[in-house]
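Residue numbers (this note's numbering), protein chains in the order written: chain A, 148 to 282; chain B, 10 to 492.
Cβ coordinates follow ideal geometry from the N, Cα and C atoms, glycine included.
These numbers come from a predicted model, not from an experiment.
To keep things clear, I will list the structure first and then write my remarks on it.
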Amino acid sequence: MDKRFEEIEHTADLAIRVYGRDMRELFANAAHAMFALMAEPSVEEPAREREVSLEAMDYESLLVDWLNELIYLHEVEGETYSQFAIETISPEKLKAHVTGGPTKSKTKAIKAATFHDLAIKETANGLVATIVFDV
Amino acid sequence: MINKKDMKRVEEYVYEIPKSFRADMRVPARLYADEELLEAALEDRSVEQLVNTATLPGVVKYTLAMPDIHQGYGPPIGGVIPLRTSDGIISPGAVGYDINCGVRLLRSNILAEEVKPIMDDIVNALFRGVPSGVGRSGDVRLSHQQMDDVLEKGSAWAVSQGYGTKDDLEHTEERGGMAGAEARAVDPKAKKRGRDQLGTLGSGNHFVEVAEVEEVYDPEVAEAFGLFVGQMVVWVHSGSRGLGHQVCTDYVRDLQQAVTRYGIKLPDRELVCAPFDSPEGRNYFAAMASAANYAWANRQILSHRVRQILDDVLAGVVKDRELTLVYDVAHNIAKVEEYPIDGKITRLIIHRKGATRAFGPGMKDLPADYREVGQPVLIPGDMGTASYVLVGTTEAIEKTFGTSCHGAGRVMSRSAAKKEIRGQELRRELAEKGIVVQGGSMAGLAEEAPEAYKDIDRVVNVVHSTGIARKVARVVPMGVIKG
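Quick look at the structure:
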């Protein structure tokens with residue numbers, strides 16, 4: 148799929164539409180989209196690596212948890228991630244390995260990913276999700 | 010989509026969407042607006058979000074939106090949701106991520122004319138001295154015990170550490186420390202996220218503004234608030250930083266299952282909630298109150314910094330450099346208050362999302378020096394136009410659960426603002442109007458451009474005309490630092 152995400156109109160906050168051929172790609176693209184909005188990419192060696200392991204009640208909750216966990220790590224560890232390897236994913240569980248570097252330049256503070264308007268939908272071209280962030 | 014024809018006008022500037030509009034509404038929903046503000050509200054999904062709030066279990070009388078209404082996530086910004094504590098819910102999503110985002114106003118005996126010639130120096134000093142911008146940390150480092158003290162005591166902790174005076178506490182909503190806060194309800198992750206952010210402004214719409222009282226509408230109340238024409242005053246707008254964001258994130262996640270457990274049907278998952286009187290509801294309230302206290306301590310430390318910086322930069326310019334707190338209000342919070350419902354005094358948990366408490370004269374929660382006139386209602390506008398000081402009224406208690414608006418309200422999306430406005434250009438335009446602005450990022454500045462906001466004079470006119478707060482003074486910006 149060519150387009151990974153696009154920013155869509157929202158009066159007060161930030162909203163994106165994310166695409167993926169499958170759930171793994173959708174989750175990875177959502178993370179890419181969020182970091183593209185938040186900070187300049189960081190590729191300093193040695194890379195900073197983190198394991199993310201989450202449990203939730205469905206894919207939508209898992210997607211919100213995933214993005215919020217990355218916001219937490221970005222803020223607390225001072226790191227910006229650019230590679231997102233989703234190792235296992237089911238409606239209730241996610242295991243991922245993320246890679247990045249120390250944050251150099253932040254462009255936008257995202258407070259959180261929200262559940263507002265969130266639905267992962269299947270289309271002829273794959274999956275699509277709309278995510279609203281509080282900024 | 011909701012149309013004007015779905016609403017009836019119940020009085021001038023008050024529109025009601027009847028309960029019959031949607032099957033899941035438990036009460037009607039009311040919107041305070043004039044024609045133009047109503048048209049603007051109908052442009053995005055804010056009115057639909059207002060209708061959603063009227064479906065929540067335990068909601069009474071009607072839910073409300075103030076004239077600065079705009080689209081949020083969950084409830085609209087400018088929303089007020091009154092819910093019974095006995096059988097109603099409490100919703101972390103309806104309070105939002107920046108718990109106790111709020112604003113305070115400091116007054117001085119300094120004339121604006123005295124400081125205008127050195128406004129560049131003042132703004133530069135504030136920009137250097139007040140930690141601001143995306144993810145910037147401050148110089149207050151908290152031990153675990155100190156963090157728990159901040160969460161349970163709020164501003165009183167900050168004052169005990171030398172950041173301000175006892176008089177500041179008297180002039181802060183809840184005296185800067187909300188009852189019911191329990192540090193144990195705040196997850197270690199939230200504490201970690203907030204450990205080095207106390208005393209920092211943050212980014213987005215947060216700011217410190219040096220301003221001038223341009224006009225006084227009510228001399229008697231203005232005198233009680235210590236305000237006069239030509240006076241220099243200072244606004245501080247910030248919230249609970251990463252700590253509050255994480256508290257909301259944690260409870261929005263954890264309560265998703267409570268919604269199923271308690272059999273609650275929601276029109277939007279972000280309105281996630283639990284019965285107020287349940288273990289989940291009580292825990293969230295304890296955590297939210299803790300985050301609110303963190304926010305009050307934050308604004309207390311920020312205003313201490315502002316006092317130090319101005320004392321320094323104005324030495325040799327003016328003799329009396331004291332800054333006195335007029336008041337500090339929360340505009341994202343849920344609070345237990347009592348109102349008559351069907352002739353019976355009823356305990357309610359009032360959710361205010363982008364709305365300000367506006368208590369009228371005689372309320373016991375007000376400081377002694379304001380009890381006869383009412384609560385200062387602080388309405389910051391955009392950085393190029395004006396802000397207002399209003400006073401709360403008895404009508405607000407009767408009509409809007411003691412609530413008024415909280416600002417101008419956005420009308421243009423951030424992405425559209427960035428496309429249409431260049432930060433540098435905006436800075437130059439404001440400078441031509443005599444307003445000095447410093448910001449962490451030019452793109453961030455563009456997002457907060459005056460054009461992105463509604464006309465504050467119009468918003469305040471609706472509030473004043475409907476009697477839910479009365480105009481006291483109009484304040485115009487001279488120097489602004491944006492996070």
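CA-to-CA distance, residue j to residue i, given in whole angstroms
i, j, result
"B/A134", "B/R314", "11 Å"
"B/G325", "B/L387", "31 Å"
"B/V446", "B/T394", "13 Å"
"B/G390", "B/H246", "11 Å"
"B/K70", "B/D157", "38 Å"
"A/E172", "A/L209", "14 Å"
"B/E232", "B/V238", "11 Å"
"B/A283", "B/Q155", "30 Å"
"B/A377", "B/G383", "10 Å"
"A/P188", "B/D130", "35 Å"
"B/A74", "A/R195", "46 Å"
"B/K200", "B/W166", "16 Å"
"B/D320", "B/K175", "19 Å"
"B/L439", "A/I278", "34 Å"
"B/G88", "B/D277", "15 Å"
"B/N341", "B/G401", "18 Å"
"A/I236", "A/R168", "14 Å"
"B/M10", "B/E57", "8 Å"
"B/E45", "A/A175", "43 Å"
"A/D212", "A/A177", "12 Å"
heavy atom of the ligand NAD below 7 Å from residue i C-beta
i, result
"A/K258", "Ligands displayed in this structure: none; no statement on the ligand NAD is therefore possible."
Sub-8 Å separation of residue i and residue j beta-carbons
i, j, result
"B/L40", "B/A49", "no"
"B/S241", "B/V139", "For clarity, residue 241 of chain B is Met in the given sequence; the question names Ser instead. No."
"B/G186", "B/Q309", "no"
"B/C257", "A/A259", "yes"
"A/D281", "B/G105", "yes"
"A/M185", "A/L214", "no"
"B/G290", "B/I108", "no"
"B/E221", "B/A482", "no"
"B/V243", "B/L264", "no"
"B/Q266", "A/M204", "yes"
"B/V327", "B/G235", "no"
"B/A426", "B/E456", "yes"
"B/F285", "B/I90", "no"
"B/G67", "B/G102", "no"
Identity of the residue in the options nearest residue i by Cα
i, options, result
"B/Y226", "B/R202, B/G67, B/R479", "B/R479"
"A/P193", "A/L265, A/V282, A/N215, A/G248", "A/G248"
"B/S422", "B/P370, B/G213, B/E223", "B/G213"
"B/I318", "B/T64, B/L46, B/I86, B/R137", "B/R137"
"B/V63", "B/G83, B/H473, B/V322", "For clarity, residue 63 of chain B is Ala in the given sequence; the question names Val instead. Checked all of B/G83, B/H473, B/V322; the closest Cα to B/A63 is B/G83."
"B/L47", "B/K198, B/H340, B/K17", "B/K17"
"B/L120", "B/R437, B/V219, B/D286", "B/V219"
"B/E441", "B/G488, B/E289, B/G352, B/D107", "B/G488"
"B/R366", "B/G111, B/D33, B/M10", "B/G111"
"B/K274", "B/P459, B/M10, B/R35", "B/R35"
"A/E156", "B/Q80, B/K198, B/E279", "B/Q80"
"B/D15", "B/S152, B/G147, B/Y293, B/P27", "B/P27"
"B/A339", "B/K362, B/D259, B/G352", "B/K362"
"B/E21", "B/G492, B/V485, B/G476, B/I490", "B/G476"
"B/R346", "B/E460, B/E434, B/H360, B/L334", "According to the sequence provided, residue 346 of chain B is Glu. The question's Arg does not apply to it. Among B/E460, B/E434, B/H360, B/L334, the Cα nearest to that of B/E346 belongs to B/H360."
"A/K268", "A/D149, A/R151, A/Y166", "A/Y166"
"B/L323", "B/M128, B/Y260, B/L375", "B/M128"
"A/Q230", "A/T254, A/I163, A/V199", "A/V199"
Integer-rounded CB distance, given that residue j should sit under 8 Å from residue i
i, j, result
"B/L207", "B/A296", "About 17 Å; that fails the 8 Å criterion."
"B/L65", "B/L357", "Between B/L357 and B/L65 the Cβ distance is about 12 Å, and since that is not below 8 Å, they are no contact."
"A/T227", "A/T246", "That pair is no contact at about 10 Å."
"B/P37", "B/C414", "Between B/C414 and B/P37 the Cβ distance is about 20 Å, and since that is not below 8 Å, they are no contact."
"A/K240", "A/E202", "6 Å"
"B/T412", "B/A343", "The Cβ separation is near 12 Å, so there is no contact."
Any C-beta of chain E under 8 Å from that of residue i
i, result
"B/V261", "As a matter of chain content, chain E is missing from the structure shown, whose protein chains are A and B."
Chain A contacts made by the stretch 87 to 106 of chain B, where a contact means CB separation under 8 Å: Correct list: G102, G105, Y106.
Give me the subset of the stretch 34 to 67 of chain B whose CB atoms are less than 9 Å from a CB atom of chain A, sorted by chain position. Result list: E52, D53, R54, S55, Q58.
Chain-ordered residues of the stretch 149 to 175 of chain B with a beta carbon less than 7 Å from chain A: Against chain A - using a Cβ distance shorter than 7 Å - the stretch 149 to 175 of chain B contributes no residues.
Short-range partners of chain B found in the stretch 163 to 191 of chain A, where Cβ spacing is below 7 Å: none
Between the stretch 223 to 243 of chain A and chain B, which residues of the former have a C-beta closer than 7 Å to a C-beta of the latter? For the stretch 223 to 243 of chain A, the set of residues with a beta-carbon nearer than 7 Å to any beta-carbon of chain B comprises V223, in chain order.
Within 8 Å of chain B by C-beta, residues of the stretch 197 to 215 of chain A in sequence order: Per Cβ criterion, the list reads A203, M204, E207, S208, V211, D212, N215.
Residues of the stretch 266 to 293 of chain B in Cβ contact with chain A at a cutoff of 9 Å, in chain order, please. Q266, T269, D277, R278, E279, L280, V281
To be precise: take each residue of the stretch 414 to 443 of chain B, compare its Cβ to all Cβ atoms of chain A, and keep it if any distance is under 8 Å. Which residues remain? R419, V420, M421, S422, R423, S424, A425
Beta carbons nearer than 8 Å to chain A: which residues of the stretch 172 to 206 of chain B have them? K198, K201, R202
Against chain A: residues of the stretch 245 to 259 of chain B by CB proximity under 8 Å: G251, H254, Q255, C257, T258
Quick one: which residues of the stretch 150 to 163 of chain A get their C-beta closer than 7 Å to a C-beta of chain B? List them in chain order. E154, E156, H157, T158, A159, D160, L161
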